[in-house]
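Read the structure below first, then the notes.
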Amino acid sequence: MLASDAALIDEFVDALWLADGLSKNTLGSYRSDLALFASWLAAGPRSGSPGAQSMLKTESSSIVGADETAINAYLTHLNTRPGGIKSTSQRRLMASLRRCYRWLLDQGRLQADPLLNIDKPKAIQRFPKTLSEKQVEALLNAPDIATPLGLRDRAMFELLYATGLRVSELVGVRLFEVSLNDNVVRVMGKGSKERLVPLGQIAAEWLQRYVAQARGDLLKQQVSDAVFVTARGGPMSRQMFWNLIKKYALKVGIARERISPHVLRHAFATHLLNHGADLRVVQLLLGHADISTTQVYTHVARERLKQLHQQHHPRG
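So, in structure tokens, the structure goes:
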């Protein structure tokens, strides 16, 4: 990557943070997408054509200098490499590039948008993986609560299923953000938007039990305001939680294809709708800015109702 592009990406990410207050994870995605694009531009060639070598180390080797041809060549490169690129990843990449080039235009560093004539990747409707209530019950009961780690894991699962938090929100919960008197947790979501989410009595009891009986043992005299800590007393990460979900789900016989980091968040939303919750309420609890993001769960709920009808109705 050219030094000028590295500096440009830093400046762009800082501008995003100042303008929108985006989360570290979102900013990291922008940075990663642009860094890969910049590295490819600098390395070239951008196609297998005979004239490709003549395009190396020219003005178009930088983000500012890249034109429509260079961007299309990069997309072709991603799609033709082994394994290709997932549609969701391509849409995210294009969103990153569009945001960056729009910023460059606003800054007066570009006269024309090189993405103007490049079509947006079509979104494929994917429905979230979810679990039945029986499967969730098995997953919640999987940790060995006789151990500090098992008690921590049970409390994490109970809290996640009771609140529908994102995994990044769950592992980031601090002690001062939880009120066990009022049974609510204050969450800082995407775009630094704060919301209050009810815990529910059962989740609150498990959380209180974990804090009283296990958290101190895990901290090992370290000082931390993180609710959930590792065996060494450090903060939990999203990847650590993903590994926990996989371990316990496989332990109780949940098929691998039904497991995802957000499987309990999806179950939370689907089960609420199955039991008659209002879609707008679910939207608020999940922290969705757009109701259309929440509406995907109505399809999952309808499909579940169809299955129940087929299984139990005499003419199903």
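Numbering (the numbering used here), first residue to last: 7 to 322. Built from N, CA and C at the ideal position, the CB exists for glycine as well. In this text, all values refer to a predicted model and were calculated from it rather than measured experimentally.
Go through its chain and collect everything with a Cβ distance to L84's Cβ below 6 angstroms, but skip five positions before and after it. Numbered from its first residue, the sequence shown carries residue 84 at position 78. The residues are I91.
Buried/exposed call for Q59, threshold 16 Cβ in 10 Å: As a position in the sequence shown, residue 59 is number 53, starting the count at 1. Confidence in Q59 is poor, its pLDDT being 44 and thus under 50, which makes the residue's placement too unreliable to answer from.
Is I77 closer than 8 angstroms to G40 when the C-beta atoms are compared? Counted from its first residue, the sequence shown places residue 40 at position 34. Counted from its first residue, the sequence shown places residue 77 at position 71. The residue asked about is misnamed: residue 40 is Leu in this sequence, not Gly. No, the Cβ-Cβ distance between L40 and I77 is not below 8 angstroms.
In whole angstroms, what is the alpha-carbon distance linking W109 and H281? The residue you call residue 109 lines up with position 103 of the sequence shown. The residue you call residue 281 lines up with position 275 of the sequence shown. Taking the straight line joining both Cα atoms gives about 45 angstroms.
Can you look up S95 in the DSSP assignment and give me helix, strand or coil? As a position in the sequence shown, residue 95 is number 89, starting the count at 1. It is helical.
Pull the bridge partners of A232 from the DSSP assignment, please. In the sequence shown, the residue the question calls residue 232 occupies position 226. BP columns for A232 point to R180.
Comparing alpha-carbon positions, which option in R37, Y36, L42, S67 lies nearest A48? Taking the sequence shown and counting its residues from 1, one reaches residue 48 at position 42. The residue with the shortest Cα to Cα distance from A48 is S67.
Separation of T94 from L270, as counted between CA atoms: Sequence index remark: in the sequence shown, residue 270 carries index 264 (1-based). Sequence index remark: in the sequence shown, residue 94 carries index 88 (1-based). The straight-line gap from Cα to Cα measures roughly 21 angstroms.
Just to confirm my understanding: we take R215, look at its own chain, exclude 5 residues before and 5 after, and list those with CB closer than 8 angstroms. What are they? By 1-based counting over the sequence shown, the position of residue 215 is 209. Taken in chain order, the residues that qualify are L157, A161.
What residue from A283, T75, L213 has the CA that sits closest to I151's CA? For the purposes of this step, residue 151 is taken as the residue at position 145 of the sequence shown. Answer by Cα proximity: L213.
With a CB to CB cut of under 6 angstroms and the five nearest residues on each side skipped, what residues in its chain are close to Q113? Residue 113 sits at position 107 when you count from the first residue of the sequence shown. The answer is none, since no qualifying residue turns up.
Output yes or no for whether 8 angstroms exceeds the beta carbon distance between R180 and V233. The residue given as residue 180 occupies position 174 in the sequence shown. The residue given as residue 233 occupies position 227 in the sequence shown. Yes, the Cβ-Cβ distance between R180 and V233 is below 8 angstroms.
Go to V193, then tell me how far its beta strand (DSSP E) extends in each direction, as first and last residue. For the purposes of this step, residue 193 is taken as the residue at position 187 of the sequence shown. Bounds of the beta strand (DSSP E) holding V193 are 190-194.
Would you call the stretch 134-143 and the stretch 182-190 touching, i.e. three or more CB-CB distances under 8 angstroms? No: the two stretches stay apart, fewer than three of their Cβ pairs being nearer than 8 angstroms.
From the DSSP output, read off the bridge partner residues of V203. Position 197 of the sequence shown holds residue 203. The beta-bridge partner set that DSSP reports for V203 consists of V191.
I need the DSSP call for P241, collapsed to helix, strand or coil. Mapped onto the sequence shown, residue 241 falls at position 235. DSSP, read as helix, strand or coil, puts P241 in strand.
S29 (DSSP reduced to helix, strand or coil): Locating residue 29 in the sequence shown gives position 23, counting from the first residue. In the structure shown, S29 sits in coil (DSSP, three-state: anything other than H, G, I, E or B).
Looking only at its own chain, which residues have a Cβ that is under 7 angstroms from the Cβ of L225, when we skip the five neighbours before and after it? If you number the sequence shown from 1, residue 225 lands on position 219. Taking L225 as the centre and dropping the five residues before and after it, the same chain places the C-beta of V235, G239 closer than 7 angstroms to its C-beta, in chain order.
Is the Cβ-Cβ distance between N189 and Q207 less than 8 angstroms? Your numbering for residue 189 matches position 183 in the sequence shown. Your numbering for residue 207 matches position 201 in the sequence shown. Yes, Cβ-Cβ distance for N189 and Q207 is below 8 angstroms.
So what does DSSP say about S266, is it helix, strand or coil? What you label residue 266 is simply residue 260 of the sequence shown in a count that begins at 1. For S266, the secondary structure class from DSSP, reduced to helix, strand or coil, is coil.
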